[in-house]
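As you go down the protein sequences, you meet chains A and B in turn. One rule links them: number in this note's numbering = place in the first sequence (from 1) + 504. One rule links them: number in this note's numbering = place in the second sequence (from 1) + 4. Quick reminder that beta carbons are idealized off the backbone N, C-alpha and C, glycines included. Quantities reported herein were computed from a predicted structural model and do not represent experimental measurements.
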Amino acid sequence: MSFINSLSRESWINLSLCIVLCAVPLWAWLSDQPFTLTLCTRVAILALAGVGLNIALGVGGLVSLGHAAFFGLGGYAMGILASHAQSYTPLMEAPFLLEGTKSMPLIWLTAMTVSALAAVFIGALSLRTSGVYFIMITLAFAQMFYYFAISWLAYGGEDGLSIYVRNGFPGLNTLDPLQFMLLTYAVLALALWFYHRLAKSSFGLALNAARQSPARVQAVGITRYNVQLVAIVLSASITGLAGALFADLNRFVSPTMFSWQTSGEIMVFVILGGVGRLFGPVAGAALFILLEHQLGGLSEFWHIYLGLLLLLVVLFARGGIIGTLAGREQANG
Amino acid sequence: MSMILILEQMLNGIQFGVMLFLMAAGLTLVFGVMGLINLAHGSLYMVGAFAAAAVANATGSFLLGLAASLCAAAAAGALVEVLVIRRLYDRDHLDQVLATFALILIFSEGTRWLFGSFPLYLNIPDYLKGAVTLPGGVQYPLYRLSIILVGLAVAAALYLLISKTRLGVQIRAGENDREMIAALGVDISKLYTLVFALGAALAGLAGALVGAVQSVQVGMGEPVLIMAFVVIVIGGIGSIKGALVAAILVGLTEKLGGLLLVEMLSTFIEMSEAQSVGAIFSSMLIYILMAAVLIVKPTGLYGRSL
């Protein structure tokens, strides 16, 4: 009993969310509805992108409107590697031979590395500004990638890239919706565990403090800039991984992944669920997909309802779904 | 590369710049006075364009269409301010971004619901059709030239409004110290609604003017919105003068930058290669410009230092 009593209200919500997220696919699998499994996979991947953003936004308070850059880079890392593998052409020959690949672990590694490198560059420049300027400069960087992708005809330009067969993971048949879904669930679980550990670690505390009181953090000898830069890099590599998975789910990458609407949507997942809450992005992404699916079936103009709901959440339910349900206790942890 | 082409692109750049200024002026005023970041400004641009197209097509008068764009956008702006925006002034930027993102969704889908997904067309009136020959032998469309003149006239009027009138004094005072001007007996919430409606009207006018050159459709506001943000960030948020300078700078970069880039590259590499590289980078130029400005001056050209 003491274990149960020791759980906070937020933990109860998280636990019920986990149960629902596992029960839905189980039910879908038993009643043979592969489409619902695909929806669950979408939720897991988008939630993963949100978990990435939540490190920068929730813990670090860095309002990045440019996470589509990392989401898209992950997507294009997958698209470029897989398209070379499917056409049996090397990525480059000089100075050393680089071949495409259809192996997910390799693609994931590339996606995370590329996103992290981009984040070092973007973060180092953006962190010189703050407030609205930070929001806008991150948006500007994402737009650069967007226009670059549109005009880069070698990889599809505006039309994007199609991959005919989903990439493989050793020991799994990724073409089976259930197995691919379980894989994304496992990745999401790992990312949530990482977020949880990070938020509790001394690094997470420093990052949190840099958000609340930059001057005091400097005074105790922590360089705000470095802490926040590391946060952006970690955040970007998780969102990049989500981008690679998202591209694999659709077997398609296009410049839309870089668009500012994508940045906005990732931010919507986090805020709808609850900024700085462990399961915030999961709740947000699940609700978003549920709404898209349910309202999309009811009305062609479902974005109106999404907009109204979002407005109500921002105006009246500060702290998102989890924040409202769990009350004011311990956010950002 | 011919001189005429450069001159023509320069005029295109200025035309694009003054149009961006109409958008950016409202954004930067709203940010300067109320501290609000408004993503839904592009929706007001769209509202203006739709109102102009609907009224001009129904009555056959372009000027009535322009008047309708001003009224409709100002009314939509005032309505949104009273219903939603005024609850956001003392929130952080994150809430403002989200709430106004939600407004975009509502505006876009609402317009799609009212007018359908097909674009509307707004015709240039007969008396503005054709081209004029400018000194230097450049043939330039009369309509585009009128956009430049209207934009410059609005910029001048805005300058007079802010520096010479009582309302302008209140706006400038509101930028400096909100509590103080409220304490001096100015109805601050009425002032805010007025400023927001003014910004909305300018955006609506921009939408109507551009609507006659391009098609009027849902989603036309967002690309312009992002460019207008680039403009106010380069100019320094809150500064009208900065917005004008940056708008022209961004307009010229957008229209002329690609051309000059290809020219510059072609001295190093082959022309065809220069063109393909130039095409990739020319659409990124204004974002590169913005990043460069922010790196050198983190609060923009005319912004107050943090």
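Using a Cβ-Cβ cut-off of 8 Å, W656 of chain A counts as an interface residue toward chain B, since at least one Cβ of chain B sits closer than that to its own. DSSP places T828 of chain A inside the alpha helix (DSSP H), whose first and last residues are G824 to A830.
Neighbours of I230 of chain B across chain A, judged by C-beta separation under 8 Å: L643, Q647 and W764.
For Y147 of chain B, not one C-beta of chain A is nearer than 8 Å to its own C-beta. The three-state secondary structure of M224 of chain B, taken from DSSP, is coil. Just measuring C-alpha positions, the residue of B:I244, B:F66 and B:I290 sitting nearest F20 of chain B is B:I290.
Taking 8 Å as the upper bound for CB-CB distance, I639 of chain A and H97 of chain B are in contact here, some 6 Å apart. Residues of chain B with a Cβ closer than 8 Å to the Cβ of R632 of chain A are, in chain order, L298, I299 and P302.
Burial check for W764 of chain A: the Cβ neighbour count within 10 Å reaches 16 or more, so the residue is buried.
Taken atom to atom, the span from the alpha-carbon of V555 of chain A to that of F750 of chain A is near 14 Å.
C-alpha of G141 of chain B to C-alpha of M14 of chain B: approximately 14 Å in a straight line.
Here the alpha carbons of G223 of chain B and V254 of chain B stand approximately 21 Å from one another.
The beta carbon of L206 of chain B sits closer than 6 Å to the beta carbons of L26, A29 and G30 from its chain, once the five residues preceding and following it are set aside; these are given in chain order. Not a single C-beta of chain B is nearer than 8 Å to the C-beta of F625 of chain A. With its beta carbon at least 8 Å from every one in chain B, F575 of chain A lies outside the interface. Taken through DSSP and simplified to helix, strand or coil, G660 of chain A comes out as coil. Taken through DSSP and simplified to helix, strand or coil, M288 of chain B comes out as coil.
When CB distances to chain A are screened at a threshold of 9 Å, the residues of the region 97-127 of chain B falling below it are H97, L98, D99, Q100, V101, L102, A103, F105, A106, L107, I108, L109, I110, F111, S112, E113, G114, R116 and W117, in chain order. For R91 of chain B, the neighbours in chain A by C-beta distance under 7 Å run, in chain order, L819. The count of Cβ pairs closer than 8 Å, one atom from the region 734-741 of chain A and one from the region 563-580 of chain A, reaches three, so the stretches are in contact. Listed in chain order, the non-local C-beta contacts of V101 of chain B below 8 Å within the same chain comprise I41 and L43, local neighbours out to five positions each way being set aside. The beta carbon of V636 of chain A sits closer than 8 Å to some beta carbon of chain B. Any Cβ of chain A closer than 8 Å to the Cβ of A187 of chain B would place that residue at the interface, and such an atom is absent. Cβ neighbours of G225 of chain B within its own chain (closer than 6 Å, five residues either side excluded): G46, S47, Y49 and M50.
Close to M771 of chain A, with beta-carbon spacing below 9 Å, are these residues of chain B in chain order: L98, V101, L102 and F105. Taking C-beta separations shorter than 7 Å and ignoring five residues to either side along the sequence, the partners of T633 of chain A in its chain run I641, following chain order. Pairing V158 of chain B with R670 of chain A, the inter-Cα distance amounts to about 56 Å.
For the region 795-809 of chain A, the beta-carbon criterion of a distance under 7 Å to any beta-carbon of chain B is satisfied by F805, H807 and I808. F652 of chain A and I292 of chain B have their C-alpha atoms some 12 Å from each other. Looking from the CA of K606 of chain A, the closest CA among A:P674, A:N558 and A:A658 belongs to A:P674. The alpha helix (DSSP H) runs lying completely inside the region 110-192 of chain B and spanning 4 residues or more are 146-168, 170-180 and 182-187, given in chain order.
For chain A, the residues of the region 256-286 of chain B that bring a beta carbon within less than 9 Å of one of its beta carbons are S280, A283, I284, F285 and S286, in chain order.
DSSP, read as helix, strand or coil, puts S763 of chain A in coil. Note on Y592 of chain A: under 16 other CB atoms within 10 angstroms of its CB, so exposed under the neighbour-count rule. Close CB contacts of A713 of chain A within its chain, under the 6 Å cut and outside five residues either way in sequence, are with V721 (chain order). CA-CA distance, L521 of chain A to V563 of chain A, rounds to 21 Å.
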